[in-house]
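So the structure is just underneath, and the comments pick up after that.
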Amino acid sequence: MSTLEAILADLAIPVVGAPMAGAAGGRLAAAISAGGGLGLVGVGNVATVDQVRAEVGLVAESGERFGVGLMCWSLPANPALLDAALESGPAVVSLSFGDPRPYLPAARAAGAVVVAQVGTRTEALEALDAGVDGLVVRGSEGGGHGRGVVSTLPLLQQVLDLTDRPVLVGGGVATARGLAAVLAAGASAAWVGTPFAASAESLFRPELKAAVIGADTDQTVYTRAFDIAQRFDWPTIYGGRALVNGFTEQWAHRTEALEEAVTDELTATMKQARVDADLSLAPVYAGESAGLVDRPRTAAEVLDGFASFREYLRAAQRWLVD
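Each residue of the sequence shown is one higher than the last, beginning at 1 in our numbering.
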């Protein structure tokens, strides 16, 4: 089994594709790994074993090194998802959104190293105590589900002072400049979601990709409203950052009222909106970096956009001269 340090050092571009449920399937993971990064397949809380096997099988068949990401809070109800995710031998397993300790032995027995996404200093300490091999600092700018209380740079600085284990960082990193910034601070790699969600290989439908590409940095909101309306069982400490729309304008900051107002009819309407890609109601989970995604690109082209990070690191060396 390779160490996490060795896996990250072997990357041509220190970028890991975030395991976004509903976006990061096997085709995207394979394309990221083939392009010099490390692709992860996202295993959502509503995934089936057959779906997981199919998506993981796609990247495994490519021969590229890959990883998988799972939600700890949802695994007790469907432990077979973990087994399916591990069958093809991922190099990295992300165990986030809950206590990773029950699942560490299985992941390590499958030959994987384990990381955990954290959104606060306390979560970082808990994950380190659990024995994970590395941490993923995810600031509140990040898209999709996570903690919404601390932004990326303050949290990164806190966590880097806590551990010598590798620290990856996500939330707002979408360009070579951003990658250089977090590497200069001491991160081992970036954990990138939104730019890949809009890429050609993403599982996102075309309407969702177009919405991400058309959004600006100030057109997202962090809220639990979508989960409440759809009656999803996400723990209440985790909201999600998504593009603003008509639904968020009404409910994003009125979640207590929404909990009282939600009905079977509203839940059915919201779920149908996702089927129909009615983006006035349905969520498009994306981070603030959506404003930096300005055109349709393949995963390889997204990675090419990070490739000049060394130029920015070299430019910063002028400050090393007395």
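A virtual CB, placed ideally from N, CA and C, is assigned to each residue, including glycine.
Where does residue i sit, in a helix, a strand or coil, going by DSSP?
i, result
"Phe-97", "coil"
"Phe-331", "The structure shown has nothing for residue 331, since the chain only spans 1 to 322."
"Arg-297", "coil"
"Arg-65", "coil"
"Ala-229", "helix"
"Val-41", "strand"
"Leu-243", "strand"
"Leu-156", "helix"
"Ala-12", "coil"
"Thr-3", "coil"
Grab the span of the beta strand (DSSP E) containing residue i for me, first residue to last.
i, result
"Val-113", "113-118"
"Leu-168", "167-170"
"Thr-255", "Segment 255-261 is the alpha helix (DSSP H) holding Thr-255; no beta strand (DSSP E) there."
"Arg-138", "134-138"
"Ala-110", "Unbroken run through Ala-110: none, as it is neither H nor E."
Is the beta carbon of residue i sitting closer than 9 Å to the one on residue j?
i, j, result
"Thr-248", "Ala-225", "yes"
"Lys-271", "Gln-317", "no"
"Trp-191", "Gln-250", "no"
"Val-59", "Leu-86", "no"
"Ala-54", "Leu-82", "no"
"Ala-299", "Leu-28", "yes"
"Arg-65", "Ser-88", "no"
"Tyr-312", "Ala-200", "no"
"Val-293", "Ala-198", "yes"
"Val-173", "Val-92", "no"
"Leu-104", "Val-132", "yes"
"Ala-124", "Thr-152", "no"
"Ala-24", "Leu-40", "yes"
"Arg-138", "Val-169", "yes"
From which residue to which residue does the alpha helix (DSSP H) around residue i run?
i, result
"Thr-269", "264-276"
"Arg-346", "In this structure the chain extends from 1 to 322, so residue 346 is not present and cannot be described."
Please list, in chain order, all residues of the same chain as residue i whose beta carbon is under 6 Å from its beta carbon, the five residues on each side excluded.
i, result
"Pro-90", "Phe-66, Gly-67, Val-68, Ala-112"
"Gly-134", "Leu-4, Val-115, Arg-165, Pro-166"
"Gly-239", "Gly-148, Tyr-222, Thr-223, Arg-224"
Under 7 Å Cβ to Cβ from residue i, same chain only, skipping five residues before and after it: list those, please.
i, result
"Ala-35", "This sequence places Gly at residue 35; Ala is not what is there. Excluding positions up to five away in sequence, the list reads Ala-299, Ala-300, Leu-303."
"Ala-12", "Gly-36"
Going by beta carbon distance, what residues of the same chain come within less than 8 Å of residue i, once the five residues before and after it are set aside?
i, result
"Val-262", "Ile-228, Ala-229, Arg-231"
Spell out a yes or no on whether the segment 136-147 and the segment 285-296 are touching, meaning 3 or more CB-CB pairs, one atom from each, closer than 8 Å. yes
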